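Peer 1: Residue numbers (my numbering): 1453 to 1621.
Glycine included, C-beta positions come from ideal geometry on N, C-alpha and C.
In this text the structure is predicted, and so the values were computed from the model without any measurement.
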Amino acid sequence: MRVPPFERYTKGLQAAGLLLLGIVIGAALFSAVYHSQFNALVEMKSDLEQKLDQYEEDIRYLNLFKNQHTVIKSVLPRLEEEVLEKDEQAMDEMTKGKLKSRIKEDLGVLIGKSIYEIDSNAHIARRLLSRKVYNVNGKEFTVEIKTVLVVDNVLQVWFKADVYDRPPA
């Protein structure tokens, strides 16, 4: 049995290899674009769900306290972001949203309290969240309140979140 000479097929094999390489590169590029668009969509969905929950809760509390003009009607946590070092990674939007919702849930005890007693309420909030550890998406974060401010019956709380480093045992 004779082996056919492959010298006759070199041009055809090169063309087939080039076509296969183009298909693989095209599929990789399509996959990269698809995943980046999907990731942007997921982040936007998470952000919109967080805003919807915030608005629904605000409407509920505004209806509850609509005749009381000197009480805290909602809580708005704000994350202070610092410039990160090279080895640290920035928090993604889903993590930020979950962290804000958990802090808002903890500070929900202040809703309905008088705004004229904010000094004692701020002390309660600081005690409540003093270096508290939150587990979000498998990572642990410590929260430290920086500023508490009441504007238009909205308690605004600025906080800083750091990745929790366990103390050595």
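Apart from the five residues on each side of it in sequence, which residues of its chain come closer than 8 angstroms, Cβ to Cβ, to Met-1546?
Peer 2: Within the sequence shown, residue 1546 is the residue found at index 94, counting from 1. Taken in chain order, the residues that qualify are Val-1494, Glu-1495, Ser-1498 and Asn-1589.
Peer 1: Residue ranges of each beta strand (DSSP E) run of no fewer than 3 residues wholly in the segment 1566–1606, ordered along the chain?
Peer 2: Complete beta strand (DSSP E) runs here, min 3: 1584–1588 and 1591–1603.
Peer 1: Kindly indicate which three-state DSSP category Lys-1538 falls into: helix, strand or coil?
Peer 2: Position 86 of the sequence shown, counted from the start, is the residue given in the question as residue 1538. Its pLDDT being 46, under 50, Lys-1538 is placed unreliably in this model, and the value from its coordinates should be taken loosely. Note: Lys-1538 maps to coil in three-state DSSP.
Peer 1: Just curious, the alpha helix (DSSP H) that Val-1561 is in, first and last residue?
Peer 2: The count along the sequence shown starts at 1 and reaches residue 1561 at position 109. Note, Val-1561: premise wrong, no alpha helix (DSSP H); not H, not E.
Peer 1: Per DSSP, which residues does Ala-1613 bridge with? Please list them.
Peer 2: In the sequence shown, residue 1613 corresponds to position 161, counting from 1. BP columns for Ala-1613 point to Val-1595.
Peer 1: Taking 7 angstroms as the cut-off, is the C-beta of Pro-1456 nearer than that to any heavy atom in the ligand SAH?
Peer 2: This structure lacks the ligand SAH, and indeed carries no ligand of any kind.
Peer 1: Since Val-1494 is in the alpha helix (DSSP H), which residue starts that stretch and which ends it?
Peer 2: By one-based count along the sequence shown, residue 1494 stands at place 42. 1462–1516 is the extent of the alpha helix (DSSP H) around Val-1494.
Peer 1: I'd like the list of long-range same chain contacts for Lys-1552, defined as Cβ closer than 6 angstroms, with 5 residues on each side in sequence excluded.
Peer 2: Residue numbering aside, residue 1552 sits at position 100 when the sequence shown is read from its first letter. Counting only Cβ-Cβ distances below 6 angstroms, and skipping sequence neighbours, we find Pro-1529.
Peer 1: Quick one: what's got a C-beta closer than 6 angstroms to Lys-1606's C-beta in the same chain, skipping five residues either side?
Peer 2: Mapped onto the sequence shown, residue 1606 falls at position 154. The sequence given here has Val at residue 1606, not Lys. Here the set comprises Ser-1526 and Leu-1528.
Peer 1: Return the residue from the list Phe-1517, Phe-1458, Tyr-1461 and Tyr-1586 that minimises the CA-CA distance to Gly-1564.
Peer 2: Taking the first residue of the sequence shown as position 1, residue 1564 is located at position 112. When only C-alpha atoms are compared, the closest one is Phe-1517.
Peer 1: With 16 other CB atoms within 10 Å as the buried threshold, where does Phe-1593 fall?
Peer 2: Residue numbering aside, residue 1593 sits at position 141 when the sequence shown is read from its first letter. Label assigned to Phe-1593: buried.
Peer 1: Using DSSP with H/G/I as helix, E/B as strand and the rest coil, what is Arg-1530?
Peer 2: Taking the sequence shown and counting its residues from 1, one reaches residue 1530 at position 78. Looking at Arg-1530 - three-state DSSP - the assignment turns out to be strand.
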